[in-house]
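Note sheet for the following structure.
There are 4 protein chains.
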Amino acid sequence: MTLAINKRKTPRQIRAQATVEAILEASAHILVDFGHGALTTNKIAERAGVSIGSLYQYFPNKEAVMTELIRHKRSRMLAAVDMALDDTRSDVFDTALDAVLASIIQLQLNWPRLALALDQAEVFLPLNDETILFKVALNGKINEVLGRQGSKVSEQTIQDVVAIAKGMIEHASLARETDEVDLRRRIMRAVIGYLGR
Amino acid sequence: MTLAINKRKTPRQIRAQATVEAILEASAHILVDFGHGALTTNKIAERAGVSIGSLYQYFPNKEAVMTELIRHKRSRMLAAVDMALDDTRSDVFDTALDAVLASIIQLQLNWPRLALALDQAEVFLPLNDETILFKVALNGKINEVLGRQGSKVSEQTIQDVVAIAKGMIEHASLARETDEVDLRRRIMRAVIGYLGR
Amino acid sequence: MTLAINKRKTPRQIRAQATVEAILEASAHILVDFGHGALTTNKIAERAGVSIGSLYQYFPNKEAVMTELIRHKRSRMLAAVDMALDDTRSDVFDTALDAVLASIIQLQLNWPRLALALDQAEVFLPLNDETILFKVALNGKINEVLGRQGSKVSEQTIQDVVAIAKGMIEHASLARETDEVDLRRRIMRAVIGYLGR
Amino acid sequence: MTLAINKRKTPRQIRAQATVEAILEASAHILVDFGHGALTTNKIAERAGVSIGSLYQYFPNKEAVMTELIRHKRSRMLAAVDMALDDTRSDVFDTALDAVLASIIQLQLNWPRLALALDQAEVFLPLNDETILFKVALNGKINEVLGRQGSKVSEQTIQDVVAIAKGMIEHASLARETDEVDLRRRIMRAVIGYLGR
DNA sequence: CATGAATGAGACTTCATTCAT
DNA sequence: AATGAATGAAGTCTCATTCAT
Numbered sequence: 713m714t715l716a717i718n719k720r721k722t723p724r725q726i727r728a729q730a731t732v733e734a735i736l737e738a739s740a741h742i743l744v745d746f747g748h749g750a751l752t753t754n755k756i757a758e759r760a761g762v763s764i765g766s767l768y769q770y771f772p773n774k775e776a777v778m779t780e781l782i783r784h785k786r787s788r789m790l791a792a793v794d795m796a797l798d799d800t801r802s803d804v805f806d807t808a809l810d811a812v813l814a815s816i817i818q819l820q821l822n823w824p825r826l827a828l829a830l831d832q833a834e835v836f837l838p839l840n841d842e843t844i845l846f847k848v849a850l851n852g853k854i855n856e857v858l859g860r861q862g863s864k865v866s867e868q869t870i871q872d873v874v875a876i877a878k879g880m881i882e883h884a885s886l887a888r889e890t891d892e893v894d895l896r897r898r899i900m901r902a903v904i905g906y907l908g909r
Numbered sequence: 713m714t715l716a717i718n719k720r721k722t723p724r725q726i727r728a729q730a731t732v733e734a735i736l737e738a739s740a741h742i743l744v745d746f747g748h749g750a751l752t753t754n755k756i757a758e759r760a761g762v763s764i765g766s767l768y769q770y771f772p773n774k775e776a777v778m779t780e781l782i783r784h785k786r787s788r789m790l791a792a793v794d795m796a797l798d799d800t801r802s803d804v805f806d807t808a809l810d811a812v813l814a815s816i817i818q819l820q821l822n823w824p825r826l827a828l829a830l831d832q833a834e835v836f837l838p839l840n841d842e843t844i845l846f847k848v849a850l851n852g853k854i855n856e857v858l859g860r861q862g863s864k865v866s867e868q869t870i871q872d873v874v875a876i877a878k879g880m881i882e883h884a885s886l887a888r889e890t891d892e893v894d895l896r897r898r899i900m901r902a903v904i905g906y907l908g909r
Numbered sequence: 713m714t715l716a717i718n719k720r721k722t723p724r725q726i727r728a729q730a731t732v733e734a735i736l737e738a739s740a741h742i743l744v745d746f747g748h749g750a751l752t753t754n755k756i757a758e759r760a761g762v763s764i765g766s767l768y769q770y771f772p773n774k775e776a777v778m779t780e781l782i783r784h785k786r787s788r789m790l791a792a793v794d795m796a797l798d799d800t801r802s803d804v805f806d807t808a809l810d811a812v813l814a815s816i817i818q819l820q821l822n823w824p825r826l827a828l829a830l831d832q833a834e835v836f837l838p839l840n841d842e843t844i845l846f847k848v849a850l851n852g853k854i855n856e857v858l859g860r861q862g863s864k865v866s867e868q869t870i871q872d873v874v875a876i877a878k879g880m881i882e883h884a885s886l887a888r889e890t891d892e893v894d895l896r897r898r899i900m901r902a903v904i905g906y907l908g909r
Numbered sequence: 713m714t715l716a717i718n719k720r721k722t723p724r725q726i727r728a729q730a731t732v733e734a735i736l737e738a739s740a741h742i743l744v745d746f747g748h749g750a751l752t753t754n755k756i757a758e759r760a761g762v763s764i765g766s767l768y769q770y771f772p773n774k775e776a777v778m779t780e781l782i783r784h785k786r787s788r789m790l791a792a793v794d795m796a797l798d799d800t801r802s803d804v805f806d807t808a809l810d811a812v813l814a815s816i817i818q819l820q821l822n823w824p825r826l827a828l829a830l831d832q833a834e835v836f837l838p839l840n841d842e843t844i845l846f847k848v849a850l851n852g853k854i855n856e857v858l859g860r861q862g863s864k865v866s867e868q869t870i871q872d873v874v875a876i877a878k879g880m881i882e883h884a885s886l887a888r889e890t891d892e893v894d895l896r897r898r899i900m901r902a903v904i905g906y907l908g909r
C-alpha cells in the first residue's frame, strides 16, 4: 500500500487520468461552443467519449467537474504568474508588472469564451476555503510585484489592482479584443495611475 | 415598442400592475436570498403570492422576468447618473465624476447580492439591441462627464473607465464593503490616474 | 314570459346573437388558419373581439362551441340536400342524385380545411342523440333519392352510398381538388356502379 | 435512416427494445380504451410500466410516439397487401382484389378503435415525405392489382378506388361491423362498379 | 471498472374556466 | 351583462444521478 505511493502510475491509473482529462476537456469545449446552459453531464460524457457511469466514477457530481475546471484555471494562472516573475531578469517594478499582466492576459484572451464561462461559474460556487487560498496566493504574488516598486502596499491596494485588471481584462474578453499589447499598455496605465507613480 | 417586446400583455388594471410588481420583487428577493439557481417560475409565483398562470400572463417565459429586472436596473442606473449630472452645479470634472460614481456605487451596494446576480444574468443574455442601446447611452453620459475635463476622450478611454469602475465596484460588492465614500475615493484615484492627470 | 316567446328579438337578444355568431366565426377561422391544436377559448374570444367571460356567457364550455359549429354544418348540409331535392323538377333518379352530390360537394370544397377539421371534431364528440338524429335525417333524404330509382333500397345500401361519397369527397378535400364537376361525375360512377344499375 | 429520424437513440440492449415496445403498446391501449384526448406522455409511461424519462430516451416528443405507431400500422398494411398478392396463385383480377381487401379489412376491424384513432392522427401530421412515400407504395400495389384487370388505370382511378375502400372500411369500423366477408363483398361491388367492368 | 438503460423530481408552460370588478 | 385578471390542474420535457448487467 504505502510502498506504492511513489511508484510510477499503473496502466489503470494512466487510463483513469486520460478519462478525467477527456471529461474536463469535453466540458471546456461545451462551455466554449454552447455556453453554460448546455453543459449537462450526459453531454459531457458523450463528448468525452466516455459513458455517463464513468463520469460519476471520477466525479461525485456535476459541480465537481466545474470545480476541477476552475481549479485548473487557477493553477494555470498561478503558474503563469510565477513563470513571469521568474523570467523577469530585472527587478524593475514596471517590467515585472508588465510580464505578469502579459501572462494573465494571454491566458484569458486565448479562449475568451471559456475564461468568461469559468468566471461566471466561480460566482456560482460557494466561497470555500480553496477559493480563499487561491486569492491569498494570487494576492501574495501581486504583492511581491508591487513590492518591487519600493514602498509597502496595503492589502486594499492589492485588491484594487487586481480588481482593476480583472475588470479591464473581462471587458476586453467580452468586446472580443485581440490586441494583447495595447490592452496591457492600458492596464499598466490604470494601475500605475492608481498607485500614484 | 421596445419595452413591449418581452411582454405578453400590458396590464390595464391596477391589480395587474400590482401583480407584475409583485413578480419582479419576488424574483429579486429570491435572487438575493438563494441565488440564480433557485430562481424558478414556480418559486417566483409562490413568493409573489400569485398563481403561476398570472406570471405567464405578463411574462412569456422565465427569461423575460430576468430581462425585465435587468431593464429596471439599467433604467435606475441611467436615471441616477442623469440626476447626478443635473445636481452637479459646477461643471468641474472632478465633482461631476464624483457625483456619478456616488450614485452608481450607491445603487450597487444597496443590494449587493441582487446587483451581482443581475450582472451575471446580463452576461447570459445575448448582446441584443437593447443592451447595445444601454451601453451607448451610458457611455454617452460618461463621455459627457469626461468631457468636462477639457480634452476630448476616445471611445476606448470611456470603455476603460467604465471597465475600471465596474471591476472595482463588483469587487467591493463581493467583498461586502460598506464604506461607499472610501470606495469612491479609490475609484476616483484609479480613473484620474488612468486618464493621466 | 311566455308572451315574449314569439315576439321580435329585443336589442339585447340581437347583440347576444351577434356575439354568438362572432364566436363561431372566429372558431371557424382559427380552425382553418391554424388547425385544431390552436383552437383555444382565449384565442377564440380574442379573435371574436369579445372577452373570455362573454364566451362563457353563451357557451358552457369549449366543447359546446365545437358542437355548435358541427350543428351548423349539419344544418347547412340538410338544408342543401333539401334544396337540391326541391329544385329537381324531374323525379329522375340520376338528376336527383347529381343535384344532391353537387350541393354536398360544394359545401365541403368551399372551405375544405374547415370541413376536414369539423369531420375530425365529429369523431371526438361522443355519439350522442343529436348525431344519431342527424344521421337518420340524412339517410332518410338519401333514401328518398335512391327510392326514385324504382326498387327499394336497404339501410345497409344507404349507408354504403353515404360512406362511398364521404370517402371520395374527403379524399378530394385532402388532395385539394377543385374540379367539382369531375368529382361529382366520379362519385356518380361509383354509386351507380355499386347500386348495380 | 428514415426510421431513425424521429428516434432519439437507437436501443442497443434487449431491455431497451422491450421498453420501446412497451411504450408503443401502452400508447395503443390508451388510444383504444380512452381515445386520443387521454394520450399523455405520463399516462403512456405509467401504463408501460416505465419511467417518463425512459420514454423521452427513445422518443424526442409525444408526436414521435404517434408517428411510430402510424409507421407500424403502415408497415403492417403494406406487408399484408404484399402477402395477399403473393398468396394469390391466379392472376385473376377479382381474386387478387378480394385477397387484398380481405387483408386490409382484417387489419382495420381487428382493433377498430386503434385503427380509427390512427386514421385521425394521420390527418394531424403534416404530409411529410414519409407519408408521401407510403401513399406511393400503397398506390403502386393497388395499381398492380388493378392492372390484372387488363386495361391500364389512371392515377386518379387508383386514388378513387382507395378512397372508396377507405370510406367504406372506416364506416364499418365506426358502425362496429364484424362481418368481414359481407363488407368485402360490398366493397368489391363498389369498386368493380366504379371501374365499370 | 465500464456501460448505458432507467429513474423521477421538478422545471417550464398552457389553457379551460372562474370570479371580482 | 361584460370585462379581463386570476387560477391551478395538468401536460411536456430535462437532466443529474443510480444501478443492473
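Protein chains in written order, with our numbering: chain F, 713 to 909; chain H, 713 to 909; chain A, 713 to 909; chain L, 713 to 909. Every residue, glycine too, gets a C-beta built ideally from N, C-alpha and C.
Within chain F, the residues that residue i reaches when beta carbons sit closer than 9 Å
{"i": "E905(H)", "result": "According to the sequence provided, residue 905(H) is Gly. The question's Glu does not apply to it. Neighbours of G905(H) on chain F, chain order: R901, A902, V903, I904, G905, Y906, L907, G908 and R909."}
Neighbour-count burial assignment, residue i, 16 or more Cβ in a 10 Å radius
{"i": "R898(L)", "result": "buried"}
{"i": "R727(L)", "result": "exposed"}
{"i": "L886(F)", "result": "exposed"}
{"i": "K864(A)", "result": "exposed"}
{"i": "D891(H)", "result": "exposed"}
{"i": "A808(F)", "result": "buried"}
{"i": "V848(A)", "result": "exposed"}
{"i": "E889(A)", "result": "buried"}
{"i": "V874(H)", "result": "buried"}
{"i": "V893(H)", "result": "exposed"}
{"i": "S763(A)", "result": "exposed"}
Residues near residue i by beta carbon distance below 6 Å, same chain, minus five either side
{"i": "I717(H)", "result": "The predicted position of I717(H) is uncertain, since its pLDDT is 43 and thus under 50; a value taken from the coordinates is nonetheless stated next. Closer than 6 Å at Cβ, skipping near neighbours: no residue."}
{"i": "V857(F)", "result": "A808, L809 and V812"}
Partners in chain F for residue i, counting only beta-carbon separations shorter than 7 Å
{"i": "A712(H)", "result": "Any answer about residue 712(H) is impossible in this case: the structure gives chain H only from 713 up to 909."}
{"i": "G852(H)", "result": "Those within 7 Å of G852(H) in chain F number zero; the least Cβ separation is about 17 Å."}
Neighbourhood of residue i by C-beta distance below 8 Å, restricted to the same chain and skipping five residues each side
{"i": "W823(L)", "result": "A740 and V744"}
{"i": "R896(H)", "result": "D810, L813, A814 and I817"}
{"i": "M880(L)", "result": "L895, R898, I899 and A902"}
{"i": "I876(L)", "result": "I899, A902, V903 and Y906"}
{"i": "L767(L)", "result": "I735, T753, I756, A757, A760 and V777"}
{"i": "M713(H)", "result": "Because the pLDDT at M713(H) is just 34, under 50, the model does not fix this residue reliably, and the point stays unresolved."}
{"i": "R788(H)", "result": "L819"}
Proximity of residue i and residue j at Cβ, strictly below 8 Å
{"i": "I782(A)", "j": "R759(A)", "result": "no"}
{"i": "A827(A)", "j": "V812(A)", "result": "no"}
{"i": "A902(F)", "j": "Y906(H)", "result": "yes"}
{"i": "G747(A)", "j": "A829(A)", "result": "yes"}
{"i": "D831(L)", "j": "E882(L)", "result": "yes"}
{"i": "M778(A)", "j": "A833(A)", "result": "yes"}
{"i": "A738(A)", "j": "I756(A)", "result": "yes"}
{"i": "E780(H)", "j": "L845(H)", "result": "no"}
{"i": "Q861(A)", "j": "F805(A)", "result": "yes"}
Contacts of residue i in chain A (Cβ-Cβ under 7 Å)
{"i": "R898(L)", "result": "D872"}
Sequence-distant residues of the same chain with beta carbon closer than 7 Å to residue i, five excluded per side
{"i": "K785(L)", "result": "L830"}
Closer than 9 Å at the beta carbon, the chain A residues around residue i
{"i": "Q832(L)", "result": "Q832, V835 and F836"}
Contact list for residue i against chain F, beta-carbon separation under 8 Å
{"i": "G749(H)", "result": "F836"}
Under 9 Å from the C-beta of residue i: neighbouring residues of chain L
{"i": "L828(A)", "result": "V835"}
For the region 831 to 848 of chain A against the region 751 to 768 of chain L, do three or more pairs of beta-carbon atoms, one drawn from each stretch, fall closer than 8 Å, so that the two count as touching? Contact between the region 831 to 848 of chain A and the region 751 to 768 of chain L is absent: fewer than 3 CB-CB pairs across the two stretches fall below 8 Å.
If we count Cβ pairs, one from each stretch, closer than 8 Å, do we get three or more for the region 869 to 887 of chain F versus the region 843 to 852 of chain F? yes
Between the region 815 to 822 of chain H and the region 783 to 799 of chain H, do three or more beta carbon pairs fall short of 8 Å? yes
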